[in-house]
Structure formats: C-alpha cells, structure tokens
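Worksheet: the structure to be examined is printed underneath.
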Amino acid sequence: SFRKQFHRLYEIGSEESDRRHRYFQDATKRHAYLNSFSAAPQSARYGINQFSDLSQEEFRDLYLQAQTSRAPCFSGPKTVG
Amino acid sequence: LPAKFDWRQKAVVAPVQNQQACGSCWAFSVVGAMQSVHAIEGSKLEQLSVQQVLDCSYKNKGCSGGSPLWALDWLKQTGVKLVPQSEYPYKAKTGICHFFSQSHGGVAVTNFTAHDFSGQEEAMMGQLVERGPLTAIVDAVSWQDYLGGIIQHHCSSQWSNHAILVVGYDTTGDIPYWIVQNSWGTTWGNEGYVYIKIGGNVCGIADSVAAVFL
Chain A
1 SFRKQFHRLY
11 EIGSEESDRR
21 HRYFQDATKR
31 HAYLNSFSAA
41 PQSARYGINQ
51 FSDLSQEEFR
61 DLYLQAQTSR
71 APCFSGPKTV
81 G
Chain B
1001 LPAKFDWRQK
1011 AVVAPVQNQQ
1021 ACGSCWAFSV
1031 VGAMQSVHAI
1041 EGSKLEQLSV
1051 QQVLDCSYKN
1061 KGCSGGSPLW
1071 ALDWLKQTGV
1081 KLVPQSEYPY
1091 KAKTGICHFF
1101 SQSHGGVAVT
1111 NFTAHDFSGQ
1121 EEAMMGQLVE
1131 RGPLTAIVDA
1141 VSWQDYLGGI
1151 IQHHCSSQWS
1161 NHAILVVGYD
1171 TTGDIPYWIV
1181 QNSWGTTWGN
1191 EGYVYIKIGG
1201 NVCGIADSVA
1211 AVFL
C-alpha cells in the first residue's frame, strides 16, 4: 500500500525493493520511538509518509542542505509583559 | 502582540511548493518571504522565480545547498529583480543563470535584517507581525517522519540544516506554536505546514531569522 500510495515503481524482489523495504522497517522503529515521548492530543505525530523508504543519509543528502549562517543576537526592545 | 497571528489569513502567503529532489530549501524560504512582503505592500500576490535564485546566487550551491542569508546578501548587493515564476519556471536542477534587462519588471530586495532570537521568541513574534513572514533555518532531521501536530521534542538547536518560512503563531492553546511553511509539498505534514512549540528554541527556529525589505 505504501508503494501504491506514493507511486513507487521498483519491483518486488529487486535489490532496490529489498533495500527500500529495509529502510521502511527502520522508519517504523523510529516512529515508535518518536511517538513514545508524548501522547497529548496536540503533540507531534510521526509515521509513514513519502520519506519512509529513504535512509536517513539519503534524506539528509537530498533535503537537509541548508548552510548555517550565524546572525547577531537580537538587541531590540524587550517585549516582556 | 495579538494572541494569534497568521499571514495566510491576509491572503499574502503563496501556496506550499515542492522542492523535489533538490536541496533548494534556502531559495524557497527567501522567495517565499519576498512574495509575501510584496503582497503586504499592496501588490498582487505573485509567485516569484525560485529557479532564478537557484541558478544565479553564486554564493550558494544551487541544488547542492545554500544559505538564506547569503542569498539575501546577494539579492541586496546586486539589486537583481526576481521575475515571476511563470517566466523562469522551477526545474529542480541547477541551471545556467538567465539575465534580464534592468527595464524588465521584477521584485528586488533593498535590505534585510538577520538576528538570533534564541531566548527572545516573543520579540521574534513582534518581528513577524511588523515585517511579514520570516525566513529561518532549523534542524529538520526528525521531520523525515513528521505527520502533524506540534513539535516539542526530538529537535536540536544550533544544528540547522533546513530553511523554512515562518508565517504565523498561535498562543491561545495549551501549547503555543509557530506556524511554518515547508517546501516538501502539500502531502507532507499539515498540508505542507509544520507547527513548532514557541519557547525553548525548539528545532533552532530562533537561531537565524531574517526579515526582508523590498
């Protein structure tokens, strides 16, 4: 159902399919861990989405490419109260 | 400050985009802020060219990554006018920079401010209301698995790796949160948006925040 929902074309039994399946299983373990911190209704929920068959390295290399630029601390007027 | 504020309700925030397999979040963040400020100043809300920033901002590395502050610095220094997205469409690949004549219409950055608001997120709320949507960088490692709700854990500060656009906040509920537009399409998160707890610099959202002036 994941392949259908997210239009994945790799064939079952292929090397790529096996690798993606492994990453998918890793993702479900992460979801259990991430969801264990809070069950309050408004809290973040983690689960299967379009990135669930990517390894964390692949995800980082594709989507987490922003460079950090340090900025000076804000020194404007305080807004206490 | 109002208890909640959302620039989307003023129809000055363009729809969620999808950067696809290209590390262009930094360009989407900057262009998103420019589009909104342009609309806040009375122009029609119009999507501007992310591809132009991606191809032409030489201080950055196109789809291999970049910094919103370097892009803003380039826009300010060169006075380059961003053309509409329709004239320079997004391809999710770094390409050759297309130049336009000075007489060609477009939107230019005249200035920008960049600050670290860690420990001062209320002041950041003030900037959002006063200046318009803000570009920011965050730690988004755990966002690979995000489905919805307010992020309060699993997010570090000072390890930023992703650029986003802060478009609003809501402090009326039990957990005050930022409303953040991402560039991973509408099927991700809350129809393309993510909510981050206000206070504690969750995900490093206050580490490096910029407002643009046109």
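Protein sequence lines correspond, in order, to chains A and B.
Residue 3 in this note's numbering sits at position 3 of the first sequence; the count goes up by one each step and never skips.
Count along the second sequence from 1, add 1000, and you get the number used in this note's numbering.
Don't be surprised by glycine CBs; every beta carbon is placed ideally from N, CA and C.
Using a CB distance below 7 Å, the part of the segment 22-43 of chain A facing chain B consists of Ala-27, Arg-30, His-31, Leu-34, Phe-37, Ser-38, Gln-42 and Ser-43, ordered along the chain. By alpha-carbon distance to Arg-3 (chain A), the top candidate from A:Asp-61, A:Leu-54, A:Ala-66 and A:Ser-43 is A:Leu-54. The alpha-carbon of Gln-1077 (chain B) is positioned some 46 Å away from that of Phe-37 (chain A). At a beta-carbon threshold of 9 Å, the residues of chain A lying near Trp-1188 (chain B) are Asn-49, Gln-50 and Phe-51, ordered along the chain. Val-1050 (chain B) is positioned such that its CB atom lies closer than 8 Å to that of Val-1031 (chain B).
In the DSSP assignment, Ala-71 (chain A) falls outside any beta strand (DSSP E), carrying neither H nor E. Judged by pairs of C-beta atoms under 8 Å, the segment 1191-1202 of chain B touches the segment 1140-1150 of chain B, as three or more such pairs exist. Per DSSP, the unbroken beta strand (DSSP E) holding Gln-1181 (chain B) starts and ends at 1177-1181.
Residues of chain A with a Cβ closer than 7 Å to the Cβ of Leu-1054 (chain B) do not exist; the shortest Cβ-Cβ separation is about 12 Å.
Nearest C-alpha to Ala-1092 (chain B) among B:Pro-1133, B:Trp-1188, B:Trp-1026 and B:Val-1167: B:Trp-1026. According to DSSP, Pro-1084 (chain B) shares a beta bridge with B:Leu-1048. With 16 or more other Cβ atoms from the protein chains shown falling within 10 Å of its own Cβ, Pro-1176 (chain B) counts as buried. Judged by DSSP in its simplified three-state form, Asp-1139 (chain B) adopts coil rather than helix or strand. Taking a cut-off of 8 Å on C-beta distances, the segment 26-34 of chain A does not touch the segment 61-80 of chain A, as fewer than three cross pairs fall below it. For the pair of segments examined, the segment 1171-1187 of chain B was found not to touch the segment 1082-1100 of chain B: the number of CB pairs separated by less than 8 Å stays below three.
Put simply, the CB of Gly-1132 (chain B) is far from chain A, with every gap to its CB atoms at 8 Å or more.
Boundaries of the beta strand (DSSP E) harbouring Ile-1196 (chain B): 1193-1197, taken from the DSSP string. Bounds of any beta strand (DSSP E) do not take in Leu-54 (chain A), whose DSSP letter is neither H nor E.
Apart from sequence neighbours up to five positions away, no residue of its chain approaches Thr-68 (chain A) with a beta-carbon distance below 8 Å. Following the DSSP letters along the chain, one finds Ala-1071 (chain B) inside the alpha helix (DSSP H) bounded by residues 1068-1078.
Those residues of the segment 57-76 of chain A placed with their C-beta closer than 9 Å to a C-beta in chain B are Phe-59, Arg-60, Asp-61, Leu-62, Tyr-63, Leu-64, Gln-65, Ala-66, Gln-67, Thr-68, Ser-69, Arg-70, Ala-71, Pro-72, Cys-73, Phe-74, Ser-75 and Gly-76, ordered along the chain. In summary, Gly-1105 (chain B) is exposed, with fewer than 16 beta-carbon neighbours lying within 10 Å of its beta-carbon over all protein chains present. By the rule that beta-carbons nearer than 8 Å mark a contact, Trp-1074 (chain B) does not touch chain A.
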